[in-house]
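Protein chains: 4
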Amino acid sequence: MYLFRNDYSFGAPPQVLAALGETSLEGNVGYGEDGYCRRAEALLLDLCQCPEGKVEFLTGGTQVNAVAMAAFLRPWEGVLTADSSHLNGHEAGAVEAAGHKLLLAPAGPDGKLRPELLLPILEEHQNPHTVKPRVVEVADATESGGVYTRAELSALSAFCRDNGLLLYVDGARLGAALTSPQSDLTLPDLARLADAFTIGGTKNGALMGEALVLANPALQPDFFRIKKQMGGVLAKGWLLGAQFEALFRDGLYFELARRGNAMAARLQAGLKALDWQLWVDSPTNQIFLVVDQVRRSALQAICAFEDWRPARESGHTVIRLVTCFATTPEDVDGFLTAAARL
Amino acid sequence: MYLFRNDYSFGAPPQVLAALGETSLEGNVGYGEDGYCRRAEALLLDLCQCPEGKVEFLTGGTQVNAVAMAAFLRPWEGVLTADSSHLNGHEAGAVEAAGHKLLLAPAGPDGKLRPELLLPILEEHQNPHTVKPRVVEVADATESGGVYTRAELSALSAFCRDNGLLLYVDGARLGAALTSPQSDLTLPDLARLADAFTIGGTKNGALMGEALVLANPALQPDFFRIKKQMGGVLAKGWLLGAQFEALFRDGLYFELARRGNAMAARLQAGLKALDWQLWVDSPTNQIFLVVDQVRRSALQAICAFEDWRPARESGHTVIRLVTCFATTPEDVDGFLTAAARL
Amino acid sequence: MYLFRNDYSFGAPPQVLAALGETSLEGNVGYGEDGYCRRAEALLLDLCQCPEGKVEFLTGGTQVNAVAMAAFLRPWEGVLTADSSHLNGHEAGAVEAAGHKLLLAPAGPDGKLRPELLLPILEEHQNPHTVKPRVVEVADATESGGVYTRAELSALSAFCRDNGLLLYVDGARLGAALTSPQSDLTLPDLARLADAFTIGGTKNGALMGEALVLANPALQPDFFRIKKQMGGVLAKGWLLGAQFEALFRDGLYFELARRGNAMAARLQAGLKALDWQLWVDSPTNQIFLVVDQVRRSALQAICAFEDWRPARESGHTVIRLVTCFATTPEDVDGFLTAAARL
Amino acid sequence: MYLFRNDYSFGAPPQVLAALGETSLEGNVGYGEDGYCRRAEALLLDLCQCPEGKVEFLTGGTQVNAVAMAAFLRPWEGVLTADSSHLNGHEAGAVEAAGHKLLLAPAGPDGKLRPELLLPILEEHQNPHTVKPRVVEVADATESGGVYTRAELSALSAFCRDNGLLLYVDGARLGAALTSPQSDLTLPDLARLADAFTIGGTKNGALMGEALVLANPALQPDFFRIKKQMGGVLAKGWLLGAQFEALFRDGLYFELARRGNAMAARLQAGLKALDWQLWVDSPTNQIFLVVDQVRRSALQAICAFEDWRPARESGHTVIRLVTCFATTPEDVDGFLTAAARL
């Protein structure tokens with residue numbers, strides 16, 4: 033069985049596990065006030081060229097999004113997001129549970145937002161009988177593998193600043209995005225253009241952990257209190273700091289992401305060569321295929337994947353195959369050989 | 033420096049770390065649907081003699097309490113808890129953030145609730161202009177180290193069932209409680225007497241993780257959805273299952289807890305022998321001293337501890353010293369020797 | 033100026049005002065526990081042929097919807113509603129503020145939901161990483177003036193019962209709906225087919241007040257507590273009971289609604305005769321026109337109306353004209369004469 | 033039967049009813065954007081000498097408190113209030129339902145807060161694992177009839193400003209407070225010392241309605257949106273404006289309150305003369321008696337009152353008798369005569 037179900041099926045590479053193990057009997061202060069978290073924060077702010085920023089470590093992706101939205105918004109404010117976003121469709125109503133309406137923009141198959149998709153929503157919500165738009169949330173990479181260019185994110189950022197909106201980037205797959213051949217975006221760009229963004233560890237080499245960069249100083253005060261309130265403070269907080277330190281000290285994070293992207297590119301190229309139908313042409317580590325039910329069943333016998341959504345073509349399904357740091361060229365080639373035989 | 037700050041200053045014993053490391057490259061299904069979680073659940077339900085129960089693994093103590101209260105309660109229902117409870121004083125308003133009022137009962141220094149403390153609150157809240165009491169929350173061990181006997185918990189349980197209340201036990205320090213010489217309570221007792229309770233991993237040998245036992249089947253449906261909604265689902269959920277399996281397969285959990293209790297007893301006995309003033313006589317792994325400011329400063333030079341609360345005696349402070357699985361007899365004796373010299 | 037802005041621009045007819053005035057110095061028990069509320073409840077349940085029901089009086093439409101949704105749902109449950117619904121677009125995120133996600137179905141211009149619009153949403157939300165659908169909310173009359181037939185509501189009701197969903201009807205304009213020539217629906221039908229529905233007073237002859245009929249006994253317990261919690265209990269509750277008693281004792285409610293509908297029909301027929309473009313053909317008291325900016329400006333000089341939404345035709349706007357119990361034939365004819373001159 | 037149950041048992045005096053009746057067929061703009069509300073706001077701000085203020089009209093007392101707290105607070109912030117406050121004990125957890133913890137100060141029998149009661153709570157909540165104190169809520173008159181002097185409110189106000197706290201005064205019985213012989217406080221004092229306060233209509237001559245004065249400009253933006261979201265916007269908003277205009281145009285509000293206070297003073301003096309035991313000596317329109325069960329039963333036969341709380345004396349109850357604008361000297365004297373015969 034080839035494992036392409038997702039990029040959180042494997043734990044962590046040896047460097048990260050070793051870093052964790054070393055902390056075990058040191059006796060550290062709890063709740064993220066330890067030296068590992070402090071050093072990891074300094075490292076990330078340095079890489080982001082954002083000395084006025086602050087980094088908060090949380091455990092998971094839904095958690096960090098929920099805490100950030102709850103922290104940033106007043107009760108009557110809402111979040112502009114793509115109808116296809118993880119925030120809307122796969123977080124079990126976490127933002128609404130914190131009291132905030134999502135205002136859905138109709139994104140295309142690449143999952144990306146553009147100012148022209150947001151403008152009509154802004155206009156409609158000037159009516160005070162509606163929720164006030166306040167945060168624009170985008171994911172990079174998007175849920176369908178797309179990446180924002182610097183120009184695209186700059187346009188969104190300018191639109192937000194012109195309209196009193198905060199820009200928040202869900203970077204659960206930020207490693208895959210920033211190391212994609214199609215991306216010219218950098219960490220300093222993100223810190224300059226977004227008010228806050230996450231650097232996802234879970235899907236790129238950490239056992240768990242998301243780093244939330246609060247680039248905008250107005251978003252920093254009292255953050256610990258709401259993180260604690262929403263169950264996002266890890267008692268043994270150094271476990272997160274130590275992993276991020278290991279991932280970013282020597283560029284391991286980007287190396288792992290590049291590996292996942294390279295394996296995905298090899299996989300996508302192989303599938304094209306087999307003349308299989310792609311749903312989108314993905315520049316990152318998620319690959320999407322349109323398959324009929326015969327092929328879907330056959331694939332289930334040789335690999336783990338996820339159904340993504342019904343395809344436009346009747347009786348067809350969009351399925352998703354995901355690579356990660358633990359995927360090897362042998363995995364990809366073996367799978368392609370098996371697929372060719374179907 | 034002797035480290036008595038708390039029982040989550042150290043990571044995990046080698047058996048737990050080893051179990052974690054082995055999972056890393058296996059390729060596991062996410063979100064707790066893996067074999068480790070299934071086996072750990074079966075193991076715990078077996079130890080609890082509660083085949084109709086269900087176990088949910090969450091990451092931390094505030095998180096599991098917040099998710100449980102949100103899951104169990106309707107919006108107009110409240111939680112009866114001790115005024116000195118962690119739920120009330122140290123979780124940053126997490127239960128209220130989910131919309132529920134805490135109804136505070138005036139517990140004594142042992143932190144324990146008894147039916148007669150709850151009855152007046154019930155009577156006052158028959159008025160429909162008030163919140164409806166629905167959950168009774170107790171901690172075992174309590175925040176000041178006390179433990180419930182079987183008779184005490186049985187009385188609470190009977191009171192709850194007579195009054196349409198659910199009984200929830202916060203077992204963040206359940207290991208310390210169940211292995212205390214003063215306790216005759218067992219896991220099967222808990223499963224029989226409480227509607228739900230937690231078995232805390234974080235404070236007794238896990239890197240992180242709390243097992244929530246939903247003994248009452250009425251509390252089980254849809255739990256995953258609210259756990260996800262509140263950010264309590266770990267993507268790499270097997271990390272929790274593997275730790276609990278390692279802790280409970282061969283009784284390691286109880287062995288670690290016994291070690292922490294034994295070190296605390298040795299510490300408390302030594303302090304008594306020095307004629308230092310205890311705030312309460314603790315049967316578990318938290319020891320409380322009443323110290324003046326001179327002694328407090330002197331202690332700060334030789335050990336890590338926490339200020340607990342102002343003492344009744346003017347200018348005095350109650351401080352807390354905590355032992356855990358990683359505390360050694362040498363730590364205790366070394367500290368006592370140093371303390372004797374102050 | 034002809035006043036067609038909405039159906040809550042006028043207070044109440046003399047019978048209602050007289051009923052209110054008489055209560056003023058009687059000395060009544062507060063919070064809806066008075067004789068007026070009891071009698072009005074009995075009257076409504078009798079008209080609904082629903083002896084096992086319960087009626088709760090609240091002050092306004094957004095309030096009653098918000099309280100009902102908060103009362104009916106568990107935190108992880110959501111509401112299926114039309115994308116064009118008042119609940120979604122004009123209640124400032126009230127349902128989300130109570131923690132619940134709206135799941136939007138793409139209704140047509142008539143604003144009505146049908147099972148086939150709901151089915152794909154149900155399927156998508158079997159995934160436990162999403163919100164669980166639990167309530168289907170429809171408005172009768174809809175926001176664009178449409179009405180449900182008995183067959184249509186029966187189909188929705190059957191779909192709901194087959195799928196474990198509650199059916200809730202927002203009857204802010206129920207009078208207009210039930211007295212529409214296109215409707216064969218009755219109060220007993222509603223009580224039989226819906227789990228709960230409102231009978232709107234505010235838009236049909238009351239100063240304020242919505243009667244919430246809880247036809248499904250499972251929805252009744254503890255309702256007062258959440259109504260109080262959400263600020264929906266009026267201290268002088270008899271003011272609501274007295275108005276509903278006056279409106280329903282002798283059929284005044286239906287007489288007022290019929291009058292509003294008749295005036296709207298006269299208005300719509302007159303506009304058609306002038307060859308003006310209708311957006312939808314409305315069978316109730318809201319009339320929708322598509323106008324260009326020249327005509328829109330000209331109309332603003334002779335009558336009060338509301339912009340409804342951008343029209344499909346570039347530079348055109350859909351505007352809404354509303355009649356009510358206080359609209360006279362002279363108002364309509366005078367307006368039509370003036371409109372013909374534009 | 034003499035009616036002393038509460039001060040919301042009667043509707044409104046003729047001047048208020050007449051003002052309401054006149055608005056009925058005028059055709060007014062909805063949602064509080066009408067001329068009545070504008071004029072009433074200007075009148076109140078003028079009386080408060082607070083030109084930079086803003087007035088929001090809401091329907092009821094629990095509602096206005098819940099909306100104000102939700103509007104003023106961030107999710108991690110809490111409200112300091114007396115343990116005996118209406119906010120804590122009689123609003124069904126409305127503030128907690130909006131996500132905020134109440135931090136209870138142990139007030140004396142007069143129900144008043146003083147800085148020294150608040151200081152220990154502030155100190156305890158510097159710990160970021162707790163809720164951050166942000167609003168101090170006091171009622172004037174208090175729940176047990178007490179009133180704040182200018183010196184007392186000034187001290188609270190100074191304490192709040194020194195500690196980054198907002199001061200909010202629940203004025204559900206503000207008329208009774210300001211016209212009490214023991215009060216030297218004025219509306220301009222309130223506007224100067226408090227960040228926001230309410231002027232209660234419901235308990236002093238309005239059918240319903242509370243005016244919220246947002247004296248602090250920082251609290252004003254977007255208030256309409258949250259008022260709408262929480263169901264606090266009345267469609268026929270002019271009903272509130274017209275009542276407040278009628279009550280404040282010529283001082284009627286204060287005249288009504290003085291009448292209620294005078295009747296209470298006459299009642300309290302008469303009860304003292306009978307040598308009945310007062311629970312507190314009340315300077316406003318709520319009178320509290322300690323009675324045994326024999327007297328309590330006897331009283332139930334001659335007047336309507338409310339049980340307030342268990343008395344300290346075993347088997348005794350504190351009961352409350354309330355006067356209002358509709359109470360006459362004949363009511364009081366008749367009752368006292370009947371009481372003397374018991």
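Residue numbers (the numbering used here), protein chains in the order written: chain R, 33 to 374; chain P, 33 to 374; chain F, 33 to 374; chain V, 33 to 374. Virtual Cβ for every residue (Gly too), placed ideally from N, Cα, C. As the structure is a prediction and not an experimental result, all values here were calculated from the model.
Endpoints, the beta strand (DSSP E) within which residue i is located
i: Pro-160 of chain P; result: Element bounds for Pro-160 of chain P: n/a, residue is neither H nor E.
i: His-132 of chain R; result: Per DSSP, His-132 of chain R belongs to no beta strand (DSSP E) and is neither H nor E.
i: Tyr-40 of chain F; result: Segment: none, Tyr-40 of chain F is in no beta strand (DSSP E) and carries neither H nor E.
i: His-118 of chain P; result: No beta strand (DSSP E) contains His-118 of chain P, which is instead part of the alpha helix (DSSP H) from 118-121.
i: Tyr-200 of chain V; result: 198-202
Closest residue to residue i among the options (Cα-Cα distance)
i: Asp-221 of chain F; options: F:Leu-79, F:Asp-365, F:Ser-56 and F:Val-61; result: F:Leu-79
i: Thr-139 of chain V; options: V:Leu-154, V:Gly-121 and V:Ala-114; result: In the sequence on display, residue 139 of chain V carries Ala and not Thr. Of the listed residues, the one whose Cα sits closest to Ala-139 of chain V is V:Ala-114.
i: Arg-352 of chain V; options: V:Phe-320, V:Ala-336, V:Ser-329 and V:Leu-331; result: V:Phe-320
i: Met-240 of chain F; options: F:Lys-86, F:Leu-77 and F:Gly-92; result: F:Gly-92
i: Arg-281 of chain F; options: F:Arg-257, F:Glu-65, F:Cys-69 and F:Phe-42; result: F:Cys-69
i: Val-111 of chain P; options: P:Gly-273, P:Val-167, P:Asp-194 and P:Val-245; result: P:Val-167
i: Trp-270 of chain P; options: P:Leu-217, P:Arg-71, P:Met-33 and P:Leu-219; result: P:Arg-71
i: His-122 of chain P; options: P:Lys-144, P:Asn-97, P:Arg-182 and P:Trp-108; result: P:Asn-97
i: Gly-237 of chain P; options: P:Tyr-285, P:Asp-227, P:Gln-261 and P:Asp-202; result: P:Tyr-285
i: Leu-76 of chain P; options: P:Glu-169, P:Gln-300 and P:Gly-233; result: P:Gly-233
i: Ser-116 of chain P; options: P:His-348, P:Trp-340 and P:Glu-345; result: P:Trp-340
Range covered by the alpha helix (DSSP H) that runs through residue i
i: Phe-367 of chain P; result: 361-373
i: Arg-341 of chain R; result: Looking at the DSSP string, Arg-341 of chain R is not in any alpha helix (DSSP H); the run it does join, the beta strand (DSSP E), is 338-342.
i: Tyr-63 of chain P; result: Counting along the chain, Tyr-63 of chain P falls outside any alpha helix (DSSP H), and DSSP gives it neither H nor E.
i: Pro-46 of chain P; result: 46-54
Alpha carbon of residue i to alpha carbon of residue j, nearest angstrom
i: Leu-134 of chain P; j: Gln-158 of chain R; result: 38 Å
i: Leu-310 of chain V; j: Pro-342 of chain V; result: 14 Å
i: Val-163 of chain V; j: Gly-125 of chain P; result: 6 Å
i: Gln-275 of chain R; j: Pro-46 of chain R; result: 11 Å
i: Pro-361 of chain R; j: Gly-85 of chain R; result: 39 Å
i: Phe-229 of chain R; j: Ala-247 of chain R; result: 8 Å
i: Ala-336 of chain F; j: Gln-318 of chain R; result: 55 Å
i: Val-354 of chain R; j: Glu-277 of chain P; result: 29 Å
i: Phe-89 of chain V; j: Glu-242 of chain V; result: 6 Å
i: Gly-273 of chain R; j: Glu-73 of chain R; result: 8 Å
i: Cys-192 of chain F; j: Gly-283 of chain R; result: 54 Å
i: Ala-187 of chain R; j: Ser-176 of chain R; result: 21 Å
i: Ile-334 of chain R; j: Val-245 of chain F; result: 56 Å
i: Leu-303 of chain F; j: Leu-368 of chain F; result: 7 Å
i: Tyr-40 of chain V; j: Pro-147 of chain R; result: 53 Å
Check: residue i C-beta below 7 Å from any heavy atom of the ligand ZN
i: Ala-190 of chain V; result: The ligand ZN is not part of this structure, which contains no ligands at all.
Please give the ranges of any beta strand (DSSP E) in the stretch 211-250 of chain V, keeping only runs that are unbroken, at least 3 residues long and fully inside the region. Correct list: 228-232 and 242-246.
Closer than 8 Å is the cut-off here; do at least three beta carbon pairs connect the stretch 256-272 of chain F with the stretch 56-69 of chain F? yes
Count the CB pairs spanning the stretch 50-60 of chain P and the stretch 244-264 of chain P that are closer than 8 Å, and state whether there are at least three. no
Contained beta strand (DSSP E) runs [length at least 3] in the stretch 252-276 of chain V, N- to C-terminal order: none
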